[in-house]
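For the sequence shown, the positions run 47 to 235 when our numbering is used.
Working notes for the structure below.
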Amino acid sequence: NLAEKYMYEKTHSLKVSELACSIYDQLGPLHPFGQPERELLRYASLLHDIGHFINRSGHHKHGQYIVMSSALSGFSHDELVILGNIVRYHRKSMPTREHFHFKVLDHKTRYLVRLLSGILRIADNLDRGHRNLVRKVRLEIDQQSICVNVHADDVVDIELGCAMDMRQLLEDVFERKVSIEQVMLNLKS
């Protein structure tokens, strides 16, 4: 298992994967992709932090290198390039044609990478503190906006703020404003 080989943080990665897949499913009416692309998102979510094995600084770039240099059973070369790009763009920098491994993709695949990276950015930041506080997300979608309602057991202001900081890519993909708000479940005293 590639994630275990590079000592991933299992609890965080599973939570990010759960949140990312939920967001993907709820955005289904807005994009043309299905189950195979969801699987790519799930794997990218599990692998997004493996670059920490090399160095925390630039871990997204290290992660891209690891993924694209690995022989992951069940994935074609093209799928590994997609996975590597999603891992690469789960952080601050936006996908750009100045980056070789992104510019070589066809238009539809670049759109897919932007979509899945945008989702992963939000999901990752909803577990920013690695505290596993977010229980679920529910999306409200209209013609102008996407509201991500975050259900959590405790205050997750830091996570909300960080996720809001990372919403631009998803806004660009869907040409809609994205907001992220908390719905309290059981506030601890």
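The C-beta atom is built at its ideal place from N, Cα and C for all residues, glycine as well.
For residue i and residue j, what's the separation of their Cα atoms in angstroms?
| i | j | result |
| --- | --- | --- |
| residue 200 | residue 176 | 13 Å |
| residue 108 | residue 142 | 18 Å |
| residue 154 | residue 202 | 35 Å |
| residue 216 | residue 138 | 13 Å |
| residue 73 | residue 116 | 30 Å |
| residue 235 | residue 179 | Note that residue 235 has pLDDT 45, beneath the 50 cutoff, so the model's placement of it is unreliable and the number below is only indicative. About 15 Å. |
| residue 50 | residue 58 | 13 Å |
| residue 76 | residue 211 | 22 Å |
| residue 61 | residue 171 | 11 Å |
| residue 133 | residue 111 | 9 Å |
| residue 145 | residue 156 | 12 Å |
Just verifying my parser: in three-state terms, what is the DSSP assignment at residue i?
| i | result |
| --- | --- |
| residue 187 | strand |
| residue 91 | helix |
| residue 198 | strand |
| residue 192 | strand |
| residue 61 | helix |
| residue 150 | coil |
| residue 84 | helix |
| residue 177 | coil |
| residue 138 | coil |
| residue 172 | coil |
| residue 116 | coil |
| residue 37 | There is simply no residue 37 to check, as the chain begins at 47 and stops at 235 in what is shown. |
| residue 70 | helix |
| residue 54 | coil |
| residue 235 | Confidence at residue 235 is low in this model, with a pLDDT of 45, below 50, so its placement is unreliable and the value that follows should be read with caution. Here residue 235 sits in coil by DSSP. |
| residue 167 | helix |
| residue 143 | coil |
How close, in whole Å, do the beta carbons of residue i and residue j come, if the pair is a contact with beta carbons under 8 Å?
| i | j | result |
| --- | --- | --- |
| residue 130 | residue 106 | Contact doesn't hold; Cβ gap of about 10 Å is too wide. |
Which residues does DSSP list as the beta-bridge partners of residue i?
| i | result |
| --- | --- |
| residue 230 | 198 |
| residue 225 | 193 |
| residue 182 | 197 |
Touching by the beta-carbon criterion (3+ pairs, under 8 Å), the segment 84–97 and the segment 59–75: yes
Meets three-Cβ-pair contact criterion under 8 Å: the segment 219–233 and the segment 180–192: yes
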